[in-house]
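This report refers to the structure that appears directly beneath it.
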Amino acid sequence: RVLDESGYRHSLEMSDSEEDYDRLANVEELITAAREFDLQHAEDGGLDAFLEQVALVNETDNLAGEVDQVTLMTLHAAKGLEFPVVFIVALEQGLLPHEYSSNDPDQLEEERRLLFVGITRAEEELSLSTANYRSFRGEWRAAVPSEFLMELPRAEMELSESSFSDYGGGWDSDDRFEEQAWDDDFRDEEPADEYVHQEAETATVASVLRTASEMLEQPRAGAHYPPHVFRKGMIVEHPDYGSGTIIALAGSGKKRMATVEFFGTGEEHTFRLAFSPLSPSDTEM
């Protein structure tokens, strides 16, 4: 409410500055975190407790390697450290690599090296994971496995039965998969036991790699519709939420945002049109 009535949201949405887009994304993430905290702490929640939970304290310099505990940290903070077991989560397009890196080869390479740093922190076991859907900047969206997963040597990995099975699989043809590797300097340094070996009944790593490849190659719904074609009152389609009506528009160009009220639930969701899966309904064509 404060964000809207103060005009701060509108100011950020109308700006063409990339920094302002990041500011809006950060504010929306803060709101999402606060909502989740309220749901989890309906009786004992409060501002002090929330701030204590979200406070960012960097204690990696004081970590004791033998302490029996789970340590949460970023990939950047993990440099120079090692752990018996490492879990790297959210290996998804838009997160790792970041959405801003897709058109910047140098930045993409830097994020690839950053993931390698995380992988080599594992002394005994490593687990890499993605989600099917993720709450991102205040809305639920389908998650696409990271392109970096396809570059890992599949001979060193086994797939556990997990959410990957929802994507389908069973493809195991070697001649359909050109094994992609990391840079030569990475390959020389990669220890063979840096990967988790888990039991898999029916799924194979190749099936996941194919699925990720297919998802990356397929254009997202709405990819052929530039932001300027959407107008207030237009009926649009979303692959997850169904049909709805655009009730508000803000910004311009790649920053253009649309708020859609969906027919089935009456819920409202806001999308950045340049990157959303929205498409005009057949009735609008």
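Position one of the sequence shown corresponds to residue 599 (my numbering), numbered consecutively onward. Glycine included, every Cβ here is placed at the ideal spot set by N, Cα and C. Quantities reported herein were computed from a predicted structural model and do not represent experimental measurements.
Close beta carbons around residue i, own chain, < 6 Å, minus the five adjacent residues each side
i, result
"S604", "none"
C-alpha gap between residue i and residue j, whole angstroms
i, j, result
"L610", "R621", "8 Å"
"S727", "I686", "7 Å"
"E690", "R732", "10 Å"
"Q667", "K830", "52 Å"
"L694", "V684", "17 Å"
"E754", "R710", "18 Å"
"R633", "A688", "21 Å"
"D838", "E865", "13 Å"
"S613", "G692", "22 Å"
"F746", "A631", "28 Å"
"R752", "Q651", "38 Å"
"E787", "Q638", "The predicted model places E787 with a pLDDT of 40, which falls under 50 and marks its position as unreliable; any figure quoted below should be read in that light. Spanning the two alpha carbons is a distance of roughly 43 Å."
"S699", "S850", "22 Å"
"D642", "E627", "22 Å"
"Y823", "F873", "10 Å"
"S744", "L750", "11 Å"
"F648", "P875", "33 Å"
Three-state class that DSSP yields for residue i in the structure shown
i, result
"T728", "coil"
"F861", "coil"
"S850", "coil"
"M748", "helix"
"E708", "helix"
"M855", "strand"
"G716", "helix"
"S874", "coil"
"P703", "helix"
"S879", "coil"
"R599", "coil"
"E756", "coil"
"A623", "helix"
"S805", "Caution applies to S805, whose pLDDT of 39 falls short of 50 and renders its modelled position unreliable; the model cannot decide the point."
"P825", "helix"
"S609", "helix"
Proximal residues to residue i (C-beta, below 7 Å), its chain only, five neighbours per side dropped
i, result
"G840", "F860, F861 and G862"
"A741", "E690, T728, A729, N730, Y731 and R732"
"S879", "I833, V834, E835 and S841"
"Y619", "K853"
"V715", "L673, A676 and K677"
- Given 8 Å as the limit, is there contact between the segment 867-875 and the segment 849-856, that is, 3 or more CB pairs closer than that? yes
- Task: Entirely within the segment 628-701 and at least 3 residues each: give me those beta strand (DSSP E) ranges in chain order.
- Result: 681-686
- Query: Is the segment 667-681 close to the segment 707-722, with three or more CB pairs under 8 Å?
  - Reply: yes
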